[in-house]
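Letter 5 of the sequence shown, counting from 1, is numbered 127 in the numbering used here, and no numbers are missing. For glycine and all other residues, C-beta sits at the position ideal for the given N, C-alpha and C. To start, the structure under review is shown below, and the notes come after it.
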Amino acid sequence: MQIEPKPEVWLRGPLPEISDYLQPVAHALLQAQEEINDQLGNFPDALLWERPANVASVGFHLQHLTGVLDRLFTYARAESLSENQLAYLKAEEQQPSPESTVADLLDKFNKRILIALAQLKHTDEETLTQIRYVGRAMLPSTHLGLLFHAAEHTQRHTGQLLVTARILRAQH
């Protein structure tokens, strides 16, 4: 008996407690989470920091996804980054420790997705067009613009991560 694949997250209906305006953001984040977890469930730790054709490693993408979601959702709350967030940003391309595993990085990413979804649930629709500033240069965006960018950025890196993982599996 063959199991029917689930439809993509956006085709499963609205998510409870999330504004209609923010459904696409939540759907994109959950779709990325599903695809990443499905594809990396048995990905070898030894390949985590490999860079085929000098592209970004799977480990980098996982750390970057986690960090960017944290930073963009911080800006969406109209807050500045903490020293810890700035330090994380500087270290995203580096292996955190020789013992770091795919499971560790997936766990951090999955926790960040849950935090993002909780923030979406508590986002007041009335604030979505309000200006939010990004970075030390205080570049202007909007609350909705930051949340949308978090979703599309996550999708872009998910695609890159999945292609890199497939190439590495094929090579080994």
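Closest by CA to residue i, which one among the options?
i: L228; options: T249, A209, D160; result: D160
i: L194; options: S219, H275, D246; result: H275
i: P218; options: E201, H186, L268; result: H186
i: L239; options: P146, E126, P127; result: P146
i: R199; options: I125, A273, K128, Q252; result: Q252
i: P138; options: S204, D192, L242; result: L242
i: Y210; options: L184, P136, T286, G267; result: L184
i: F231; options: E201, W171, S202, E156; result: E156
i: F182; options: A225, H244, E215, I289; result: E215
i: I237; options: I289, T196, R288; result: T196
What's the C-alpha gap between residue i and residue j?
i: Y143; j: R134; result: 16 Å
i: L283; j: T249; result: 33 Å
i: E130; j: Q153; result: 7 Å
i: L269; j: Q207; result: 18 Å
i: R278; j: G189; result: 15 Å
i: T223; j: D167; result: 5 Å
i: G257; j: A148; result: 24 Å
i: G281; j: I158; result: 9 Å
i: S204; j: G163; result: 32 Å
On the DSSP letters alone, give me the boundaries of the beta strand (DSSP E) that residue i sits inside.
i: P262; result: 261–264
i: Y255; result: 253–256
Could you give the residue range of the alpha helix (DSSP H) that holds residue i?
i: Y210; result: 205–213
i: D192; result: 180–198
i: I158; result: 145–162
Pull up the CB-CB distance for residue i and residue j, whole angstroms please, since I reckon it's below 8 Å.
i: E247; j: S141; result: 5 Å
I'd like to know if the region 255–262 and the region 163–176 are in contact, where contact means that at least 3 CB-CB pairs between them fall below 8 Å.
Judged by Cβ distances under 8 Å, the region 255–262 makes no contact with the region 163–176, as fewer than three pairs qualify.
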